[in-house]
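Asks: Numbering (my numbering), first residue to last: 160 to 246.
Quick one: this structure, given as structure tokens, is what I'll be asking you about.
This is the structure:
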């Protein structure tokens, strides 16, 4: 039976993808295994929350994780440990 991910797990996947550096939207969505249209909405939400930021380089849009995004990842990982959920 397929296990559906909660939106926190999808956010974790997006932020983890940005740990290695800047990414474009397609790379982020591939890493998080979500369609680009859904990813676009979620990424805009993360920008509004201050977890990632968007910038333009050479006419292309890139995304990077913010300090608040690193903090969110740490807190979420710790919460999963406390609740004994699989990482």
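Ideal Cβ positions, reconstructed from N, Cα and C, are used throughout, including at glycine.
Source: prediction; values computed, not measured.
Where residue 201 and residue 241 are concerned, what is the direct C-alpha to C-alpha distance, given to the nearest angstrom?
Replies: Their backbone Cα atoms lie some 26 Å apart in a straight line.
Asks: Cα-Cα, which of 167, 168, 174 and 162 is closest to residue 226?
Replies: The option with the nearest alpha carbon to residue 226 is 174.
Asks: Quickly, what does DSSP pair residue 214 with across the bridge? List them, please.
Replies: BP columns for residue 214 point to 221.
Asks: Use the C-beta contact count for residue 214: other C-beta atoms within 10 angstroms, 16 or more gives buried, fewer gives exposed.
Replies: The residue is exposed, with fewer than 16 neighbouring Cβ atoms inside 10 Å.
Asks: State the start and end residues of the unbroken alpha helix (DSSP H) segment that holds residue 190.
Replies: Note, residue 190: alpha helix (DSSP H), 184-191.
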